[in-house]
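Sequential numbering from 1 applies to the sequence shown in UniProt numbering. All C-beta atoms, glycine included, are put in the ideal place defined by N, C-alpha and C.
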Amino acid sequence: MNKLANMRHWSERMSPNFGMSRPNMGMPGINPHQKITPQGAPPITPTQPVDTSIHYSFNVPFASELAGPDTEDILYATADAVMRWTHPEDAPDDVPVFELPVHAHNLAHLRKICKEISQTQLVIDAHVLSTVPKHARGQVTTVCLSGTPDMVHNTRETILNETPLSLRCTTVDVEGDLVCDLAAGVLKKPVTDVLDDISVYCGVDIFLLGPKLTPVVDGLNGDVELRRDQRWRVAIYGDLLSSEHAKTRVLIHIDRLLGRIVDGLKLELSLHQLVCGRNRKNIKLIESTTNTAIYFPPPFSQMYRYCPPNAKRRDPQEIFITGENPQSIEMAKIKLREVFNQLRIYVKDVALPSAKIDNILLSRMDKVRKILEANGTFILFPPLASRQTAVRVQATENLHAERTVRELMALVGQFYTSSWWISQPETRQFPSPNDIRTMLGDICANSDADVCFDKLTFAITGSDEAVKSALMVISHIKFVAQSQYQIRVKIELANEHKEFVSGKKNGKINKIMGQSNVQIMFDNFGEYNFNIDVVAQNYESMKQGLGLVEQEMPASISFHVPDQYHKRIIGIGGQHIQRIMKKHSVFVKFSNAMDRGGMGREDDDNRVDNVICRTPARNAQNLELVKTEILEMVDRVDSEVTAQVVNVDRLYHRQLLTRLAEIEALEKKWNCKIVFPSTEQASDEVTITGPQWQVPMCVDEFLGMVPDNHELVLARSPPLIKFLESPEFVHSIVPKLKKQHEVDVTVHEIAEERTEEGGPTVTLLWTFTRNHAGELRDAIDFLQAQITTGGVEPVVVRGSLPRPKSDTFEDSLPFFDSKLLQHAPASIATDSPTKPSFDDVARERSTIFDRLRKPGSMSTISSFLDRRKNSSHSANNSLFKGSSNVSKSSLISIESTRSFNADRNPWNDSGVNLPEEDNPWPARAFVSNGNGADHKLAIPQPGDVTPRHNTRQSADSGRPSTSHSTNSGYPGPHLGPFR
């Protein structure tokens, strides 16, 4: 509460222009019906004090839907962590997640802050409302403030910076033998002590959880199989910065357990991303050559001021380095300083609305991080809720800075600002302060928009859907509906969408104003963005007019086509691409290497999206059709760029990075890009991007660099041992398995492994590379057949891999009670590395986990688990993620796909003027490569001829029409002979 005592000083650093915009902007503290003096201030007399107070309402983004871990998986928890993240044992099974003690405590803490604010000498009231709207996933917490504008906004800044926002759970995988004495079945005390220290130092809750099911991609087929991961999990619960801090310290301690030493250095925070390079290329190269791991701090620690009580924040300039010896760490430091000294910094300052900045800082920082890593840039935001608008972008090249700015501008999508002005209603109809708070709380809870009420003015800010939802709620308020009012909605768009939304000679805008009785103006043109103002005298007119404007706003899709195909697609005089644009009413723009800043760029520049297709939102369904036609002109090896994610143990990434030369040769061979996650991210996911026909082959060859193994445990018997020691097995069967199935098998005897009856066992260790994981089942079947042929009956204790169910009707046989038909055998669960069924899961529980929970060994954990019940037993907690083999273009946002009125006139749909053309796009001939294999996406045609047709009979302007138009005058394709 120290900042509350200094609120009077905060107003001195606020912008002097706050609330001094034009009256029609609807800013808080301005009445559009007041008479304004030439100096810009209303006349004030000593006998008539003016009430300048406002009512401001906003949602606090608690992560109230974040559930705790499954109590069955908890092996250890730090102090009071189980009590905070699980429900009491007497709680019902259907208790909602937001009633977890940790979420209830955060809400109570917020109420305490607001109560203390209201009881200070400052003229400010703060109230907390908590509701569960039907459309929301969980509980929505809203704060309503009443006071002068400066006091209200300063109080909002205090609340957002003293509250644990956006709680999250981050996990780190760790080998079980590093944290547990598996033979004794107890956790190592030094490890639990370190977890306790990290929990207190960083202000987080930490759980040690058992293994989980993880997906594995099977070679060329791309099938996602499940296997039980042998690693345990360290789950860290806390706010954004605290959880990242604790995660890094856990990773560093794991490195210490692996025998590595730790050191570090300090560099200016704003230069970290520039040192890392695009996609962290520089850092991966340094880690590869020095065999070190480099941990950078979060890039946005200066934008948030919250820190848990008694916790320590990480130094935002400190970089940790772990290595096998001091020499490798020192070499990494030298290389980091070399990159630092060679930096050339380009700075770009831009202005964003403060509300949009807060929206990004509260909900979109994960996307901002991806933008920075992709471009190797840094964005300096102002502190959260500070109402500052200046944003600085730093990059090593001006091109990368421009890309970052444009992606940042488009990040929030359509950001709206709205004002609702009400004429003075009767006094008895005007709501009381308590009614105003309830009203604003209801608007925020049902729209997730910030709302300010100043006498007779509502000011709303938020995303497009949030503002429209808020306007709908306001329209149903009684005292609003019974009065006269005016509504203004301000839409922020990129400048390039202006030759697009307005139409030729403002034709689109004029038509919308005539149809919906609204006024539309363009305002505040800047370097990147401009505003569209839509003004209406009633809600229905605004709803209709805003809908028509949104239908004319651009929907776009972008993808990559190699530069060498651009001329072929465009055609002589642009006839091919114009034919496509007119056919689908879509504008297509190409950019080559010169447009992107010249030749000789990095390889990453050759994979950026260089084709942009844009059309009005009502015609968005044609974007994919245009993309398909364009990609038909591209060779199969250079087809659409896709991405596939494969899971590789994060610690093995270090060994792969030492083979960076092989990986680069693999990338060049298949024209793909292999991207490893950042070291501090500690993710197993390796992303491979490239042409969709090349990625599977690249994935297969990459997985050939990743070893894997599987244990098949058999009951020991003299005949079996005799067979395994026979010359036939050693000199004939083992080489045949390697030759035919690419699988090696060795015999091991593990004393601890026993049958259910306590008998001895023998273990067959199968080793293979991940791309041949599908051969394992065939290899095991072949060996079992050989053992059976030798007169030995093998008894499988663990690790069997049964065949998957066939496509036959065997499941229906049990319904036919016939002695002539055999019953389908019950399926056997296994722990296959390639199938999701496991026969030894219960057995593993009865060995390691049960020993960990036996009285005397882990009595403290047992008491935790006996007292608590978990709240996260919901179907929402998925055990695995599917493959991400999707087109990059499918991630592009298509703003709207709603169709326009069917009886409209086809005026200027694409926003571009195209000349008349006589020839449609010719059917091009794609020849085969001479060996009988055709590498084109289209069917070969004889020759390269151009069909002709008569010029069209049309009186329109020559602009393309949408697919819904009925009077465009454009004829169908001519089906006559070629000439």
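With 16 other Cβ atoms within 10 Å as the buried cut-off, status of residue i
| i | result |
| --- | --- |
| Asn59 | buried |
| Thr642 | buried |
| Glu527 | exposed |
| Gly574 | exposed |
| Asn709 | exposed |
| Asp239 | buried |
| Ala791 | In the sequence on display, residue 791 carries Gly and not Ala. Result: exposed. |
| Asn151 | Residue identity differs from the one stated: residue 151 is Met in this sequence, not Asn. Met151 should be labelled buried. |
| Met521 | exposed |
| Ile487 | buried |
| Ile254 | buried |
| Ser432 | exposed |
| Pro382 | buried |
| Glu287 | buried |
Simplified DSSP state of residue i, which is helix, strand or coil
| i | result |
| --- | --- |
| Met633 | coil |
| Glu175 | strand |
| Thr292 | strand |
| Asp181 | strand |
| residue 980 | The chain is shown from 1 up to 979; residue 980 falls before or after that span and cannot be answered. |
| Val613 | Val is not the amino acid found at residue 613; the sequence shown has Cys there. In this structure, Cys613 counts as strand in the three-state DSSP scheme. |
| Tyr237 | strand |
| Asn771 | helix |
| Arg305 | coil |
| Cys672 | coil |
| Asn430 | One detail in the question is off: residue 430 reads as Phe in this sequence, not Asn. If DSSP states are grouped into helix, strand and coil, Phe430 belongs with coil. |
| Phe381 | coil |
| Asn282 | helix |
| Tyr528 | coil |
| Trp693 | coil |
| Gly147 | strand |
| Arg392 | strand |
| Lys498 | coil |
| His576 | helix |
| Met521 | strand |
| Arg168 | strand |
CB-CB length for residue i against residue j, believed under 8 Å
| i | j | result |
| --- | --- | --- |
| Leu493 | Met553 | 7 Å |
| Gly203 | Ala311 | 3 Å |
| Arg369 | Pro299 | 7 Å |
| Val745 | Leu765 | 7 Å |
| Leu720 | Pro794 | 7 Å |
| Ala81 | Asp197 | With a Cβ gap of about 14 Å, Ala81 and Asp197 do not count as contacting. |
Limits of the beta strand (DSSP E) - the one that residue i falls within
| i | result |
| --- | --- |
| Ile321 | Glu318 to Gly323 |
| Arg488 | Tyr485 to Ala494 |
| Val646 | Val641 to Asn647 |
| Arg798 | Val796 to Arg798 |
| Ala466 | Looking at the DSSP string, Ala466 is not in any beta strand (DSSP E); the run it does join, the alpha helix (DSSP H), is Asp464 to Ser475. |
| Ile261 | Ile261 to Lys266 |
| Pro760 | Taken as a continuous stretch (DSSP letters only), Pro760 belongs to no beta strand (DSSP E), as it is neither H nor E. |
| Phe453 | Asp450 to Asp454 |
Terminal residues of the alpha helix (DSSP H) in which residue i lies
| i | result |
| --- | --- |
| Arg111 | Pro101 to Ser118 |
| Lys543 | Tyr539 to Glu552 |
| Asn510 | Gly507 to Ser516 |
| Thr788 | Leu776 to Thr789 |
| Arg369 | Met365 to Asn375 |
| Pro735 | Val734 to His741 |
| Ser328 | Pro326 to Asn341 |
Chain D contact for residue i (CB, 8 Å cutoff)
| i | result |
| --- | --- |
| Thr141 | The displayed structure is made up of one protein chain only, and chain D is not part of it. |
**Request:** Determine, using beta-carbon pairs with one atom in the region 474-483 and one in the region 411-423, whether at least three such pairs fall under 8 Å.
**Result:** yes
**Request:** For the region 235-253 and the region 163-171, state whether three or more C-beta atom pairs, one from each stretch, are separated by less than 8 Å.
**Result:** yes
**Message:** Under 8 Å, with one C-beta from each stretch per pair, do the region 388-403 and the region 434-451 reach the 3-pair mark?
**Reply:** no
**Request:** Say whether the region 371-386 touches the region 322-341, bearing in mind that this needs 3 or more beta-carbon pairs closer than 8 Å, one atom from each stretch.
**Result:** no
**Asked** Can we say the region 719-733 touches the region 667-686, given the rule of at least three CB pairs closer than 8 Å?
**Response** no
**Message:** Check whether the region 156-163 and the region 289-306 touch, using three or more Cβ-Cβ pairs below 8 Å as the test.
**Reply:** yes
**Request:** State whether the region 609-629 contacts the region 573-593, with contact taken as three or more CB pairs (one from each stretch) at a distance under 8 Å.
**Result:** yes
**Asked** Is it a yes or a no for the region 555-565 touching the region 627-646, going by three-plus beta-carbon pairs under 8 Å?
**Response** yes
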